[in-house]
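Chemist: Below: one structure in structure tokens.
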Amino acid sequence: MKTTHNIPLLNDHHTHTSFYLALRNCLDLRNVKDLEKALNRIKELDEDVNVVLGWTFGDTAKDRIEKELPAVLICDSSLHNYIMNQKAKDKLIDEFPEIVNNIENLEWIEHNLYSIIKFIPQIKKITEKDVHEFFDYMLKENQIYKMQDLLLPNTDFIDLYEKTGYLHRVKIWIDLKSYKTLPEKYKDKIAGFKIFLDGAISPGTAAINGYVNSDFDGGIKLYTDEELKNDLKFAESEGKAVAAHALGEIVIEQLVDIIEQENIKLPCMRIEHAQYISPEVALKCKKLGIVLSMQINFSEESILFKGKLTDECLKKNNPFRMLIDQAGYIPGVDLIFSSDGMPHGAKCALQNGLFPPLESQKLTLDEFIAGYCMETKKYGSITFETENEKVIDVRTKQAN
């Protein structure tokens with residue numbers, strides 16, 4: 397039996413607005429699972445340097461990427477792993493020598509992800525027309541009204557958002573290094589600082605105890621305790637919020653311990669992802685007033701990463717019921733939801749929220765709305781149907 401629902405538009409608390417805007421006209425292979433089809437589609441590209449998103453084949457075709465394809469930079473679906481062929485390197489080496497020389501060094505990438513996320517928008521020229529088309533697409537196709545840009549590439553994007561009238565729909569975060577040289581006129585437009593404490597699961601760089609096999613024992617811990625303490629104290633002195641990318645329990649515990657020991661006081665402390673947070677640390681986070689900013693669509697990783705992580709570890713992924721029922725987190729107050737662009741839109745999030753792989757990940761529709769949606773339907777709404785534990789026919793209804 398079909399059931400129809402109508403809910404407010406999404407408020408995506410974590411994406412990379414500028415980055416995805418730059419990638420919008422790039423080839424997206426996230427739904428292409430056949431290697432030959434993927435290679436053939438790249439062969440049709442004719443830009444000076446082509447950027448491809450969503451590669452799912454690892455290094456299996458590296459020789460063919462080198463010999464058969466035009467100048468190309470390939471990003472895997474996690475955005476933490478890259479392949480660049482020699483043709484592209486030759487075109488970019490003079491302007492971006494450090495990135496070109498390290499683009500396939502996983503450890504360097506994790507320590508310099510800020511640079512990579514800024515690098516790609518510099519390859520792609522963005523126009524006002526692109527901005528209008530992007531926001532229209534995000535609303536109509538992905539049901540998103542507001543979004544948070546979790547790492548601003550440069551101030552050109554602030555100027556573009558302001559000029560095109562979309563700045564009120566984007567909340568902007570920046571890395572600390574860039575903030576320190578930011579012109580004063582932009583500082584009041586910055587919500588806070590984004591820091592990376594670990595990497596991602598697919599390249600084995602997330603700081604998790606539970607890999608079946610990984611080149612890095614327990615992933616990569618990107619901060620020493622002293623470095624993290626100093627950056628948090630700088631944010632405290634500036635009166636700015638901090639959003640910390642911390643996927644695995646190793647770095648979540650590191651962050652919580654330092655905040656507790658140093659008595660760090662921030663306008664808001666957010667942990668981004670927090671997929672493998674333990675009940676004990678969740679209770680500590682709640683007591684310290686730490687907001688958890690999580691991606692409902694990442695619940696499907698409990699299936700996707702079977703074989704990469706142990707079964708016991710995968711059962712701990714996105715423990716929403718524990719966070720709400722045991723630790724006392726409240727959706728929309730200190731538990732907020734988003735997409736990270738993987739993928740954008742309501743359909744995948746609703747499917748993984750209402751009918752997830754594990755019961756421990758299940759949300760009620762009211763919890764989904766509280767944590768992920770605009771407060772009212774003033775700007776429009778989302779109509780969708782459910783049938784046999786499937787979310788179907790998701791549509792955007794725009795406000796009059």
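Sequential numbering from 397 applies to the sequence shown in this note's numbering.
Backbone N, C-alpha and C define an ideal beta-carbon position, used for all residues, glycine too.
Note that the structure is a prediction, hence the values are computed from the model and not measured.
(1) Is DSSP giving P493 helix, strand or coil here?
(2) Could you tell me whether the region 722-733 touches the region 763-772, using the rule of 3 or more Cβ pairs below 8 angstroms?
(3) Counting Cβ pairs closer than 8 angstroms, one from the region 531-546 and one from the region 563-574, do we hit at least three?
(4) Between E783, T779, K439, which lies nearest to A795 when the distance is taken from Cα to Cα?
(5) Could you check where the alpha helix (DSSP H) with L662 kicks off and where it finishes?
(6) Excluding the 5 residues preceding and the 5 following V652 in the sequence, name in chain order all residues of the same chain whose CB lies nearer than 8 angstroms to its CB.
(7) Alpha carbon to alpha carbon, what distance is there between D613 and K525?
(8) Can you look up D545 in the DSSP assignment and give me helix, strand or coil?
(9) So E339 is in the alpha helix (DSSP H); what residue range does that whole segment cover?
(10) For the alpha helix (DSSP H) that L431 lies in, which residues bound it at each end?
(11) Please list the segments of the beta strand (DSSP E) lying wholly inside the region 677-701, counting only runs of 3 or more residues, in order along the chain.
(12) Contact defined as beta carbons within less than 8 angstroms: I believe V647 pairs with L593. What is the distance between those atoms, to the nearest angstrom?
(13) Going along the chain, which unbroken runs of the beta strand (DSSP E) with 3 or more residues stay wholly within the region 456-520?
(14) Measure the beta-carbon distance from P715 to I673 and round it to whole angstroms, keeping in mind my assumption that it falls under 8 angstroms.
(15) Please report the distance separating the alpha-carbon of Y541 from that of D408.
(16) Considering only residues of the region 617-644, which uninterrupted beta strand (DSSP E) runs meet the minimum length of 3 residues and lie entirely inside it, listed in chain order?
(17) Does the Cβ of D532 have 16 or more other Cβ atoms within 10 Å, making it buried, or fewer, making it exposed?
(18) Taking just the CA atoms, how far does K590 sit from H641?
(19) Closer than 8 angstroms by C-beta to Q482: which residues in its own chain qualify, once you throw out the five before and the five after it? Chain order, please.
(20) Do P675 and M738 have their beta-carbon atoms positioned less than 7 angstroms apart in this structure?
Modeler: Short version:
(1) As a position in the sequence shown, residue 493 is number 97, starting the count at 1. Residue state, collapsed to three classes: helix.
(2) yes
(3) yes
(4) Reading the sequence shown from its first residue, position 399 is the one you call residue 795. Ranking E783, T779, K439 by Cα distance to A795 puts T779 first.
(5) Here residue 662 corresponds to residue number 266 of the sequence shown, with the count starting at 1. From DSSP, L662 is part of no alpha helix (DSSP H); its letter is neither H nor E.
(6) Within the sequence shown, numbered from 1, the residue matching residue 652 stands at position 256. Within the same chain, V652 has close Cβ partners V677, K680, C681, L684, I686.
(7) As a position in the sequence shown, residue 525 is number 129, starting the count at 1. As a position in the sequence shown, residue 613 is number 217, starting the count at 1. Their backbone Cα atoms lie some 46 angstroms apart in a straight line.
(8) As a working note, residue 545 is residue 149 in the sequence shown. Here D545 sits in strand by DSSP.
(9) With the chain running from 397 to 796 in the structure shown, residue 339 is simply not present.
(10) On the sequence shown, residue 431 is found 35 positions in, with the first residue counted as 1. Its alpha helix (DSSP H) spans residues 431-439.
(11) 687-691
(12) Translated into positions along the sequence shown, residue 647 becomes position 251. Translated into positions along the sequence shown, residue 593 becomes position 197. With a Cβ gap of about 4 angstroms, V647 and L593 count as contacting.
(13) 468-472, 478-480
(14) As a first step, residue 715 is located in the sequence shown; it is residue number 319 there, counting from the start. As a first step, residue 673 is located in the sequence shown; it is residue number 277 there, counting from the start. Yes, P715 and I673 are in contact; Cβ-Cβ is about 7 angstroms, under 8 angstroms.
(15) Position 145 of the sequence shown holds residue 541. Position 12 of the sequence shown holds residue 408. C-alpha separation (whole angstroms): 8 angstroms.
(16) 637-642
(17) Position 136 of the sequence shown holds residue 532. It is exposed - the Cβ of D532 has fewer than 16 other Cβ atoms within 10 Å.
(18) Sequence index remark: in the sequence shown, residue 641 carries index 245 (1-based). Sequence index remark: in the sequence shown, residue 590 carries index 194 (1-based). C-alpha separation (whole angstroms): 7 angstroms.
(19) Taking the first residue of the sequence shown as 1, we reach residue 482 at position 86. Once the five neighbours on either side are set aside, the close Cβ partners of Q482 are E462.
(20) The residue labelled residue 738 in the question sits at position 342 within the sequence shown. The residue labelled residue 675 in the question sits at position 279 within the sequence shown. For M738 and P675, no; Cβs fall outside 7 angstroms.
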